[in-house]
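Reading through the structure tokens given below for one structure.
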Amino acid sequence: MALSLQEVEQFKRDGYVCPIDIMDATEAAGLRQQLEAVEAKQDGALEGSQRNKSHLLFKWLDDLIRDRRVLDPVEQLIGTDILCWNTIFWIKNAGSESFVSWHQDHRYWGLSNNQVVTAWIALSPASIESGCMRVMPGTHAIGTLPHEDRYHDANMLTRGQEITEGVDDEQAVYMPLETGQMSIHNYCLAHASGPNISSDRRIGISMHFMPTYTEQVVGDWDSAALVRGQDIHHNFDPTPIPNADFDPDAVAFHARAADALNKVLYTGAAENTGKL
Ligand SMILES: O=C(O)CCC(=O)C(=O)O
């Protein structure tokens with residue numbers, strides 16, 4: 011078993027489990043190198059849309075969402091039939107002010123149930139200094155807290171969505187990860203992260219997994235990758251598996267998927283800045 015019974019119990023009670031050893035630092039450094047080679051070709055950074063649904067663009071990321079080391083713990087938490095809805099790069103450069111305000115993802119993603127989980131893997135050290143995630147234990151089980159859109163350039167979230175009541179910093183728990191380690195949290199859990207005051211980049215990838223019975227209840231169309239088991243529900247269009255990085259068919263599909271995601275994430279917002 012990837013997770014112990016205690017870890018599964020902790021996930022049910024607190025809404026997260028951390029850290030989980032997935033790969034050694036050398037293997038993670040190899041993935042980081044592949045990402046940075048692409049960044050170097052395009053002025054040093056990914057575009058906003060490339061940060062999302064990125065498994066359609068990067069073949070190695072499509073491999074990662076199907077990797078048994080990632081899926082075995084996820085299966086223990088959400089069952090055997092698993093879709094991957096999204097993958098996101100979370101990159102804070104050394105000394106960057108980038109932060110993530112306190113939020114609950116279920117408020118924005120348009121997904122129909124509370125069984126969706128985020129697996130977040132570190133491709134460089136995610137320490138308190140470099141701005142690792144913080145969570146409010148137990149908030150996955152208390153419903154939706156009030157949020158406000160506070161558009162802010164340094165906030166990595168689309169609309170600067172922020173919880174206005176119900177978060178107590180004193181009760182928050184940091185989730186530091188070494189390179190190659192992973193955390194998993196329920197997407198209803200309140201979480202946030204601070205700036206990176208370390209001398210290295212903080213590079214993480216979140217992978218969002220859900221049971222196949224999940225529905226998209228806000229957007230007209232959505233897509234997901236079947237990564238384990240069977241999908242008898244067909245609520246999401248299957249995403250193509252790229253044959254290589256930037257495979258033209260997958261890139262074309264990605265454009266449509268990123269556009270649909272933008273519409274869902276900005277539903278009800280006063281302004282759609284296009285930031286993803
Ligand atoms: O990487 C971060 O600091 C925040 C990530 C996040 O909000 C998420 O994975 O849902």
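With the numbering used here as the guide, the letters of the sequence shown map in order to residues 11 to 286.
Backbone N, C-alpha and C fix where the C-beta goes; we use that ideal spot for every residue, glycine too.
query                                                                                                                   : result
Spatial distance of ASN253 from ALA164 (CA atoms)                                                                       : 35 angstroms
LEU199 - DSSP class collapsed to helix/strand/coil                                                                      : coil
Endpoints, the beta strand (DSSP E) within which ILE131 is located                                                      : 127 to 132
Straight-line gap, ASP77 to ALA39 (C-alpha atoms, nearest Å)                                                            : 17 angstroms
DSSP beta-bridge partners of GLN191                                                                                     : ASP31
ASN272 versus GLY229 - alpha carbon distance                                                                            : 10 angstroms
Member of GLN191, GLN86, ASN62 and ALA50 whose CA lies at the smallest distance from the CA of LYS22                    : GLN86
Limits of the beta strand (DSSP E) - the one that PRO221 falls within                                                   : 212 to 221
Selection from ASP34, ASN123 and PHE68 that minimises the alpha carbon distance to GLN196                               : According to the sequence shown, residue 196 is Asn rather than Gln. When only C-alpha atoms are compared, the closest one is ASN123.
Cβ-Cβ separation, VAL145 to TYR26 (assumed contact under 8 angstroms), whole Å                                          : 5 angstroms
Residue span of the beta strand (DSSP E) that contains LEU236, given as start and end                                   : 233 to 238
ILE251 versus HIS201 - alpha carbon distance                                                                            : 31 angstroms
When LEU236, ALA262 and GLU188 are compared against ILE75, the one with the closest alpha-carbon                        : LEU236
Proximity of GLN114 and LEU199 at Cβ, strictly below 8 angstroms                                                        : yes
Proximity to VAL126 [Cα-Cα], best of GLU139, SER108 and HIS150                                                          : HIS150
Cβ pair ILE138, ARG211 closer than 8 angstroms                                                                          : no
Whole-angstrom C-beta distance between LEU66 and ALA260, which should lie under 8 angstroms                             : 5 angstroms
Contact test: THR128 Cβ vs ligand 1 heavy atom, cutoff 7 angstroms                                                      : yes
Nearest-angstrom Cα separation, counted from ILE207 out to VAL48                                                        : 25 angstroms
Member of MET192, LEU155 and GLY54 whose CA lies at the smallest distance from the CA of ALA35                          : MET192
HIS116: CB within 7 angstroms of a non-hydrogen atom of ligand 1                                                        : no
Beta-bridge pairing of HIS113 - partner residues as DSSP gives them                                                     : HIS201
Under the three-state DSSP convention, the category ALA104 falls into                                                   : coil
Residues that DSSP places opposite PHE99 in a beta bridge                                                               : ILE215
Other residues of its chain near TYR223: CB distance less than 7 angstroms, five sequence neighbours each side excluded : HIS243
Alpha carbon of PHE109 to alpha carbon of ALA267, nearest angstrom                                                      : 25 angstroms
Contiguous beta strand (DSSP E) assignments of at least 3 residues, all confined to the segment 19 to 89                : 26 to 31
Nearest residue (CA-CA) to ALA12, options ASP31, GLU19 and GLN20                                                        : ASP31
Cα-Cα separation between VAL183 and PRO258, rounded to whole angstroms                                                  : 42 angstroms
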